[in-house]
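Protein chains in written order, with the numbering used here: chain A, 770 to 1001; chain B, 1432 to 1761. Working notes, beginning with the structure itself.
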Amino acid sequence: MFDPLTAEEWRAVALSLRVSFWATAVSLPLGILVAYALARWRFWGREVLNGLVHLPLILPPVVTGYLLLVTFGRRGSVGAYLDQWFGIVFAFRWTGAALAAAIMAFPLMVRAIRLAIEAVDPRLEQAASTLGAGRVWVFATVTLPLILPGILAGAILAFAKAMGEFGATITFVSNIPGQTQTLPSAIYAALQVPGGETQALRLVLVSITVAMAALLVSEWVSRKVAKRISGA
Amino acid sequence: MAEVSLVGLTKSYGTNRALADVSMTIPDGAFVVLLGPTGAGKTTTLRLIAGLDRPDAGDIRIAGAPVTADTPAQRDVAMVFQQYSLYPHLTVRENLAFPLRSPVLNWPEAEITRKVGEVAEVLRIAHKLDNKATQLSGGEMQRVSIGRALVRNPRIYLMDEPLSSLDAKLRADLRIELKRIHAELGATFLYVTHDQIEAMTMATHVGVLDAGRLVQFGTPREIYENPVSAYVASRLGQPRINLLPADAFGPAPAGAVQIGLRPEHVRIGEGQPATVRRVERLGDQTRLHLTMGPHEIVTLTDPHTALAAGAQISIRPDTPLWFDASGNRT
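Here is the structure:
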C-alpha cells in the first residue's frame, strides 16, 4: 500500500498542526484585548506595549528563542516558578513549541485585528452606548461582529506563521522527534542527513499542501463573513 | 422622564473652548431647542449630557442626582446623531430592536416585536424592516436612527439636527410626529437645530448659544419678541431682522448704536422714502427688498401686493429694538 510518509514524519505533521492550533487559540483572546487597547485606549505606556508586541517581528528568531529559554526554561525566572507551583513545564515540550510559535505570531495577529478595530466608526459604538448599552454589551454586539473578518484574518495569519516557525522553536525546545520536532524542524533534520533529500521533499510537499488548504479555507470563510456583514 | 440641569458646564477640546460656564435647567417634560451657529457648543452640550465626553468643570444632574461620573448607559438617555450611525451588520428590524435587547432590560421577544413594529409604523419604514441598514436611502437611515431612540422611554431624548437630511414633506410630517410623541409621552427633549420653523413650532423653551456661552434661555416668544442682544435677535425670524445704524430714521435713544427692525416693525406708507428693488413672491408671503439711502431692508407685505421693482414707497419704524455698542438691548 502506498503511504507517502513514515510514522515519524506523520508525527511531525500532527505535532505542527497541534502546536499551531493551540498557539493560535490561546493567544487569540489576548490578541483581541491588546489590539483593542492599542486601537481605542489612550494610556501611559501605550507605545511601550506596542513596541513589546512587535519585538518578535524584528528580533532574530534565535534571540527570541534564547530569551524564552532564559525566562521559561526550567531554571528560568518564570519557568522555575511555573514548574514549582503549577507543574507547568515549557522547556523541551510541545507546549514550549506552542509558546514560541504564539509569541512569534502575536505581532501579526495583533496588527490584523487592530486595523479592523480602527476601521470601525467610533460613532457606531458611541451611538450604542447612548442607547443604553454598557461597554461589554457594545463590544459584543457592535464591535465584535464588525471586526470578525479582521479577527479571522489575524488568526489565520498567526496559524500560518506558527506552522512555519523554526528559529525560536528550535532554540527554545530543540528538535526532539515525537516531542518537539515540528514540520520545519523535521525538514531541517532531514537535510542534515546524507541522502535525506527525498524525505525532505516529501515533507516540503506536505508543507505546501497544508499551507494551500489553510489559504483556501480562509479565503472562503472571510468571503462568507464579509458578505454577511456588508449585507450585499 | 426627568428634569435635567446643567451647572457651570465648561469644556475645551485642546485649546478650543467649546463651552464656557453653561447653566440651564431643562424642566421635566420640556422640549428645549438649542440654537446657534456651527461651533457655538450645541453638539458639545448634547455629548456632555449623553456622557460621551466629560466636562472640564461643572455638574450635570438628571432628576436631581449628579450623573457626571456615570457611563452613557447608566444615564438612561437616548441620543440621535446628525450622521445616522446605523449598525451595518444588522437589519433595520435588529437596528430598531438593539436598545431593547440589552441584557439588563430583559424584554420579552413579543414585546420587542410589538414595539419595533409600532415605531416603524410611525416613521413609515415598516416595509423596510427586513432590509440591511446599508440598503436604505439617507432619509430612511435617518428615520431608523430616530426610531432607535424612540423604542425606549429614556429620561431624556437628545437629538442633534435629526431632520436636517430629510426632504421638506417628510420633515414636516416628522416634526408633527415628534411633537405628538412629546405631548403623549410627556417626554423631555433637548433638540439641536438650525431650522427656525422647528425651533418655533416644537420648542417649549429655546436656549441660544454664542461661542460656548448660553446667552438667553426662554420661551420661543420671549426669544423672538424680547431678545437680549442683536445676536439673539438674528437667530430667529424669517426674513432675518434688519440691523441698521441707530440714526437711520432720525434721532435715537441715548446709548443706542443699532436699530433692529423685524418685518413687523416696518410700517409702510409713511416716513422716509425707500425704493423697491425686488419683490419675492413665496406664495404664503411676499418679501420686499428695499433700499433706503445706503441701507438695505427686507420686509414682508400683503401676498397679493401690486408693488413692483422700482416703486417708491415710504417707511418708518414701529416699536423697533435698540442695541448698544456691544450689541446688547438698551
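Note that CB positions come from ideal geometry on N, CA and C, so glycine has one too. Quick caveat, the model's predicted, so the values are computed rather than measured.
By the 10 Å Cβ neighbour count, where 16 or more other Cβ atoms means buried, how is residue i classified, buried or exposed?
i, result
"N1447 of chain B", "exposed"
"A1740 of chain B", "exposed"
"L821 of chain A", "exposed"
"Q1505 of chain B", "exposed"
"A929 of chain A", "buried"
"I1728 of chain B", "buried"
"A1001 of chain A", "Low local confidence applies: a pLDDT of 46 at A1001 of chain A is under 50, so the model's placement there is unreliable, with the coordinate-based value given in what follows. Per the 10 Å Cβ criterion, exposed."
"V1523 of chain B", "buried"
"D1733 of chain B", "exposed"
"D1591 of chain B", "buried"
"V782 of chain A", "buried"
"M1633 of chain B", "buried"
"K1442 of chain B", "buried"
"K1563 of chain B", "buried"
"A871 of chain A", "buried"
"S1533 of chain B", "buried"
"A1541 of chain B", "exposed"
"K1559 of chain B", "buried"
"G1439 of chain B", "exposed"
So for residue i, helix, strand or coil by DSSP?
i, result
"Y850 of chain A", "helix"
"W1538 of chain B", "coil"
"F812 of chain A", "coil"
"D1777 of chain B", "In the structure as shown, chain B begins at 1432 and stops at 1761. Residue 1777 of chain B is therefore absent and cannot be evaluated."
"D1678 of chain B", "helix"
"S1660 of chain B", "strand"
"V1688 of chain B", "coil"
"Y1003 of chain A", "Nothing can be reported for residue 1003 of chain A: it is not among the residues displayed for chain A, which extend from 770 to 1001."
"P1704 of chain B", "strand"
"F841 of chain A", "helix"
"Q1627 of chain B", "helix"
"I857 of chain A", "coil"
"Q1647 of chain B", "strand"
"P1530 of chain B", "helix"
"A1614 of chain B", "helix"
"A1642 of chain B", "coil"
To the nearest angstrom, how far is it from the Cα of residue i to the Cα of residue j?
i, j, result
"A1557 of chain B", "A1551 of chain B", "5 Å"
"P825 of chain A", "T910 of chain A", "33 Å"
"L1477 of chain B", "V1464 of chain B", "11 Å"
"V1639 of chain B", "T1736 of chain B", "35 Å"
"E777 of chain A", "I945 of chain A", "11 Å"
"T948 of chain A", "T1499 of chain B", "Reading off the sequence, residue 948 of chain A comes out as Gln, not Thr. Between Q948 of chain A and T1499 of chain B, the C-alpha separation is close to 58 Å."
"P810 of chain A", "A794 of chain A", "Inspection of the sequence shows that residue 810 of chain A is occupied by Trp rather than by Pro. Looking at the two C-alpha atoms, the distance is approximately 24 Å."
"G919 of chain A", "E887 of chain A", "10 Å"
"G1467 of chain B", "H1625 of chain B", "7 Å"
"T1730 of chain B", "A1471 of chain B", "28 Å"
"G1686 of chain B", "L1713 of chain B", "38 Å"
"I977 of chain A", "G856 of chain A", "37 Å"
"I1699 of chain B", "R1747 of chain B", "7 Å"
"V814 of chain A", "A806 of chain A", "Per the sequence shown, the amino acid found at residue 814 of chain A is Gly instead of Val. Cα to Cα, the separation comes out at about 11 Å."
"G848 of chain A", "A980 of chain A", "32 Å"
"R746 of chain A", "R843 of chain A", "Within the shown structure, residues of chain A are numbered from 770 to 1001, placing residue 746 of chain A beyond reach of any answer."
"Y1622 of chain B", "Y1588 of chain B", "8 Å"
"K1600 of chain B", "D1561 of chain B", "25 Å"
"T1475 of chain B", "L1667 of chain B", "21 Å"
"N1759 of chain B", "S1660 of chain B", "4 Å"
"L913 of chain A", "W906 of chain A", "10 Å"
"I925 of chain A", "V1582 of chain B", "40 Å"
"S987 of chain A", "S785 of chain A", "18 Å"
"I1672 of chain B", "H1726 of chain B", "13 Å"
"S1745 of chain B", "Q1703 of chain B", "5 Å"
"P829 of chain A", "S954 of chain A", "17 Å"
"V832 of chain A", "V1511 of chain B", "53 Å"
"Q1573 of chain B", "A1642 of chain B", "28 Å"
"I1493 of chain B", "S1436 of chain B", "6 Å"
Is the closest heavy atom of the ligand SAM to the C-beta of residue i under 7 Å?
i, result
"N1673 of chain B", "Only the bare structure without any ligand can be found here, which leaves the ligand SAM out of the picture."
Does any C-beta atom of chain C lie closer than 8 Å to the C-beta of residue i?
i, result
"Y1518 of chain B", "Going by chain labels, chain C is absent from the structure shown, which instead holds the protein chains A and B."
Just to confirm the assignment: which complete alpha helix (DSSP H) runs, minimum length 4, are found wholly within the region 874-902 of chain A? List check, alpha helix (DSSP H) in window: 891-898.
Can you give, in chain order, each stretch of the alpha helix (DSSP H) that sits fully within the region 905-991 of chain A and has at least 4 residues? Residue ranges of uninterrupted alpha helix (DSSP H) with 4 or more members, entirely inside the region 905-991 of chain A and ordered along the chain, are 913-933, 936-942 and 952-961.
Residues within the region 1481-1511 of chain B neighbouring chain A, beta-carbon criterion of under 9 Å: Here the close residues are A1481, G1482, L1483, T1502, P1503, A1504, Q1505, R1506, D1507, V1508, A1509, M1510 and V1511.
Secondary structure, beta strand (DSSP E): runs of 3+ residues fully inside the region 1436-1483 of chain B: Assignment of beta strand (DSSP E) within the region 1436-1483 of chain B, counting only whole runs of 3 or more residues, yields 1447-1457 and 1462-1466 in chain order.
Name the residues in the region 901-928 of chain A whose C-beta lies less than 9 Å from a C-beta of chain B; which are they? Hits within the stretch, in order: G901, A902, G903, R904, W906, V907, T910, V911, P914, L915 and L917.
Contacting positions in the region 867-900 of chain A - beta carbon closer than 8 Å to chain B: Of all residues in the region 867-900 of chain A, D890, R892, L893, Q895, A896, A897, S898, T899 and L900 have a Cβ within less than 8 Å of some Cβ in chain B.
Would you list, in sequence order, the uninterrupted alpha helix (DSSP H) runs of no fewer than 4 residues that lie entirely inside the region 1551-1596 of chain B? Complete alpha helix (DSSP H) runs here, min 4: 1569-1581.
Contact list for the region 1528-1544 of chain B against chain A, Cβ threshold 7 Å: Under the 7 Å Cβ criterion, the region 1528-1544 of chain B contributes F1529, P1530, S1533 and P1534.
What are the start and end residues of each continuous alpha helix (DSSP H) run of 4 or more residues lying completely inside the region 1492-1527 of chain B, in chain order? Qualifying alpha helix (DSSP H) stretches, in chain order: 1503-1506.
Give, in chain order, every residue of the region 1584-1611 of chain B whose Cβ lies closer than 9 Å to some Cβ of chain A. Listed by position along the chain: P1585 and L1589.
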